[in-house]
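Okay, so the sequence shown: first residue is 653 according to our numbering, each after it adds one. Ideal Cβ placement from N, Cα and C applies to all residues, glycine included. Because the structure is a prediction, the values reported are computed rather than measured.
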Amino acid sequence: MLLLGTWGRCSLGHCIPILLLAVLFDVVGLILLLLGILASLNYWDFLVYTGSLFLAFSLVFWISWYSLSLKVCPEKLNL
653 MLLLGTWGRC SLGHCIPILL LAVLFDVVGL ILLLLGILAS LNYWDFLVYT
703 GSLFLAFSLV FWISWYSLSL KVCPEKLNL
């Protein structure tokens with residue numbers, strides 16, 4: 653019962669498009685990386701490097717989503 657109460661209050665944040673971009677970049681990067689590693693193709697190095705770049709760029713979206721979804725009370729800002 654305790655877990656149901658905490659999951660009910662969780663939200664995806666204010667920036668849903670940035671979250672979707674982060675997940676999309678993660679999925680595409682992982683697919684390209686695994687395809688470059690596991691498939692026997694002549695251009696495997698391109699797939700590995702491109703997949704790792706997609707995963708690195710997804711970190712930018714994850715950090716942006718997290719920092720834009722933070723809630724700070726106006727009293728703590730000392731305005």
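Q) Does the stretch 701-714 come within contact of the stretch 667-675, defined as at least 3 CB pairs closer than 8 Å? A) yes
**Q.** Supposed close pair V680, G688 - CB separation, criterion 8 Å
**A.** The beta-carbon distance between V680 and G688, rounded to whole angstroms, is 12 Å. This is too long to meet the 8 Å contact definition.
Q: Report the residue from L685, K723 and S710 whose alpha carbon sits nearest the alpha carbon of S663.
A: K723
Q. Is the beta carbon of C667 less than 8 Å from the beta carbon of L720?
A. yes
Q: Would you kindly check if the distance between the Cβ of S710 and the Cβ of L685 is under 8 Å?
A: In this structure, L685 keeps its C-beta atom at 8 Å or more from the C-beta atom of S710.
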